[in-house]
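A.B. asks:
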DNA sequence: TCATTACCCATGGAATTACTAGGTAAAACC
DNA sequence: GGTTTTACCTAGTAATTCCATGGGTAATGA
């Protein structure tokens, strides 16, 4: 599976923030409950999003998280790449695993690279605003 | 990751058989050594391919495996679906996990379905004969 | 000062992946 | 008929990843 719960939760939360629209900060607890996601688990995801500058975070009462940009300025690809640490369909083409000794003669490699590009383009072509439109 | 070593090995082995062309049966041991794959591990993969009728198997001396059809009659998709047990990018859309309580209101679901279709079409459009052409 | 919030670090159970080990059954050769 | 060569079957296992959980620290506002 190419996208785990981590990435899917991140997307859901981003859509959830977009749905609420406003400038106000929403505490983690509220989002976790609304979305039915483990609060502690979501914490680590929010920290990732926050460090990358995808969301703004404020401590203390009245604090929480909020979006940094407009929903149409977040691509699904950027969020998944961040939370999943990449989007490659096979380990052959992931950067860490540059160790495939057969890379030079592998006759499947061009296929994997083409697939990766296709998936990447697909996700880069969808924004949080697009996902929001799907909701009823 | 969407495709594990199991599926990748299966593809390599099928290409390897196609490369040798002939009608003769090739023992597992020979293929495993030529491809540098664990013999025992490859065994389980070959059994899967054999049961599905992708390859012919013959016991005893002079036996082994060989392709059942022409290389251009095997799509990459059919091999991966068999060995990987499906090709879905997220668990949401896999058949076993029909349990997502949010399926009805999930605003990401159409995206996952579209992605699955795209990946499926991609792999169904490539055959073992195509992969063979890539080799130098 | 205290409640409320985000942040940080370590741990753990469950599942999956990639093998490994050891035996059984069938076919060919002597 | 016995031996070798092959495929087939069942089980186990080490390592990794996934999906959290637990407990504490730091910042902010009332």
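Protein chains in written order, with the numbering used here: chain A, 1 to 136; chain B, 1001 to 1136. Cβ atoms here follow ideal geometry from the backbone N, Cα and C, with glycine treated the same way.
Using the beta-carbon count (16 or more within 10 Å), is residue 1076 (chain B) buried or exposed?
C.D. replies: Here residue 1076 (chain B) refers to the residue found at position 76 when the second chain is read from its first residue. Buried: at least 16 other Cβ atoms inside 10 Å.
A.B. asks: Measure from the C-beta of residue 1088 (chain B) to each C-beta in chain A and report whether the shortest distance is under 9 Å.
C.D. replies: In the second chain, counting from the first residue as 1, residue 1088 (chain B) sits at position 88. It does: the Cβ of residue 1088 (chain B) has a partner Cβ on chain A nearer than 9 Å.
A.B. asks: Buried or exposed for residue 1069 (chain B), please, with buried defined as at least 16 other CB atoms from any protein chain shown within 10 angstroms of its CB.
C.D. replies: Here the question's residue 1069 (chain B) lines up with position 69 in the second chain. Under this definition residue 1069 (chain B) is an exposed residue.
A.B. asks: When burial is assigned at 16 or more other CB atoms within 10 Å of the CB, is residue 10 (chain A) buried or exposed?
C.D. replies: In the first chain, residue 10 (chain A) corresponds to position 10, counting from 1. Residue 10 (chain A) comes out buried.
A.B. asks: Would you call the stretch 1008-1026 of chain B in contact with the stretch 45-59 of chain A, where contact means no fewer than 3 C-beta pairs closer than 8 Å?
C.D. replies: No: fewer than three Cβ pairs fall under 8 Å.
A.B. asks: Note down, in chain order, each residue of its chain lying with its Cβ closer than 8 Å to the Cβ of residue 127 (chain A), except the 5 sequence neighbours on either side.
C.D. replies: For the purposes of this step, residue 127 (chain A) is identified with residue 127 of the first chain, where counting begins at 1. For residue 127 (chain A), where only same-chain residues beyond five positions count, the Cβ hits under 8 Å are 71, 72, 73, 74, 75, 76.
A.B. asks: Return helix, strand or coil for residue 1063 (chain B), following the three-state DSSP convention.
C.D. replies: Residue mapping note: residue 1063 (chain B) aligns to position 63 of the second chain, counting from 1. Here residue 1063 (chain B) sits in coil by DSSP.
A.B. asks: Where does the unbroken beta strand (DSSP E) through residue 76 (chain A) begin, and where does it stop?
C.D. replies: Taking the first chain and counting its residues from 1, one reaches residue 76 (chain A) at position 76. Counting along the chain, residue 76 (chain A) falls outside any beta strand (DSSP E), though it belongs to the alpha helix (DSSP H) covering 76-84.
A.B. asks: Could you tell me whether the Cβ atoms of residue 1133 (chain B) and residue 1084 (chain B) are closer together than 9 Å?
C.D. replies: Indexing the second chain from 1 puts residue 1133 (chain B) at position 133. Indexing the second chain from 1 puts residue 1084 (chain B) at position 84. No; because the gap between Cβ atoms is not below 9 Å, this pair is not in contact.
A.B. asks: Looking at the strands, I want to know which residues DSSP matches up with residue 127 (chain A).
C.D. replies: Position 127 of the first chain, counted from the start, is the residue given in the question as residue 127 (chain A). Answer is A:75, bridged to residue 127 (chain A).
A.B. asks: Taking C-beta to C-beta, are residue 19 (chain A) and residue 135 (chain A) nearer than 9 Å?
C.D. replies: The sequence position of residue 19 (chain A) within the first chain is 19, counting from 1. The sequence position of residue 135 (chain A) within the first chain is 135, counting from 1. A contact, by the Cβ cut-off of 9 Å.
A.B. asks: If you follow the alpha helix (DSSP H) that residue 103 (chain A) is in, where does it begin and where does it stop?
C.D. replies: The residue given as residue 103 (chain A) occupies position 103 in the first chain. Note, residue 103 (chain A): premise wrong, no alpha helix (DSSP H); not H, not E.
A.B. asks: Is there a Cβ from chain B that is less than 9 Å from the Cβ of residue 137 (chain A)?
C.D. replies: Residue 137 (chain A) lies beyond the residue range present for chain A, which begins at 1 and ends at 136; the question has no answer from this structure.
A.B. asks: Starting from residue 57 (chain A), trace the beta strand (DSSP E) in both directions and tell me its first and last residue.
C.D. replies: As a first step, residue 57 (chain A) is located in the first chain; it is residue number 57 there, counting from the start. Here the beta strand (DSSP E) through residue 57 (chain A) covers 55-58.
A.B. asks: Roughly how many whole angstroms lie between the Cα atoms of residue 1012 (chain B) and residue 35 (chain A)?
C.D. replies: Start at 1 with the first residue of the second chain, and residue 1012 (chain B) comes out as number 12. Start at 1 with the first residue of the first chain, and residue 35 (chain A) comes out as number 35. Spanning the two alpha carbons is a distance of roughly 43 Å.
A.B. asks: Could you list which residues in chain A have their beta carbon closer than 9 Å to that of residue 1038 (chain B), in chain order?
C.D. replies: Against the second chain, residue 1038 (chain B) aligns to sequence position 38. In chain order: nothing, as chain A lies at least about 15 Å away.
A.B. asks: Note down, in chain order, each residue of its chain lying with its Cβ closer than 8 Å to the Cβ of residue 1043 (chain B), except the 5 sequence neighbours on either side.
C.D. replies: As a first step, residue 1043 (chain B) must be located in the second chain, where it is residue number 43. Correct list, in chain order: 1028.
A.B. asks: Expressed to the nearest angstrom, what Euclidean distance is found between the alpha-carbon atoms of residue 1097 (chain B) and residue 1103 (chain B)?
C.D. replies: By one-based count along the second chain, residue 1097 (chain B) stands at place 97. By one-based count along the second chain, residue 1103 (chain B) stands at place 103. Low confidence applies to residue 1097 (chain B): its pLDDT is 49, below 50, so where it sits in the model is not reliable enough to give any reading.
A.B. asks: In chain B, which residues lie less than 9 Å from residue 134 (chain A) when you measure between Cβ atoms?
C.D. replies: Translated into the one-based positions of the first chain, residue 134 (chain A) becomes position 134. Correct list: 1106, 1107, 1108, 1109, 1110, 1111.
A.B. asks: Under the three-state reduction of DSSP, which class applies to residue 2 (chain A): helix, strand or coil?
C.D. replies: The residue labelled residue 2 (chain A) in the question sits at position 2 within the first chain. Residue state, collapsed to three classes: coil.
A.B. asks: Counting only beta-carbon atoms, is residue 122 (chain A) nearer than 9 Å to chain B?
C.D. replies: Counted from its first residue, the first chain places residue 122 (chain A) at position 122. Answer yes: the Cβ-Cβ gap between residue 122 (chain A) and chain B drops below 9 Å somewhere.
A.B. asks: Chain B partners of residue 3 (chain A), CB-CB under 7 Å?
C.D. replies: Counted from its first residue, the first chain places residue 3 (chain A) at position 3. Going along chain B in sequence order, the residues near residue 3 (chain A) (Cβ under 7 Å) are 1089, 1090.
A.B. asks: Once you ignore the five residues that flank residue 37 (chain A) on each side, which residues in its own chain have a CB closer than 6 Å to its CB?
C.D. replies: Taking the first residue of the first chain as 1, we reach residue 37 (chain A) at position 37. Excluding sequence neighbours, residue 37 (chain A) sits near 9.
A.B. asks: Look at the alpha carbon of residue 1106 (chain B) and the alpha carbon of residue 1090 (chain B), and state the distance between them as a whole number of angstroms.
C.D. replies: Working through the second chain from its first residue, we reach residue 1106 (chain B) at position 106. Working through the second chain from its first residue, we reach residue 1090 (chain B) at position 90. Answer to the nearest angstrom: the Cα atoms are 13 Å apart.
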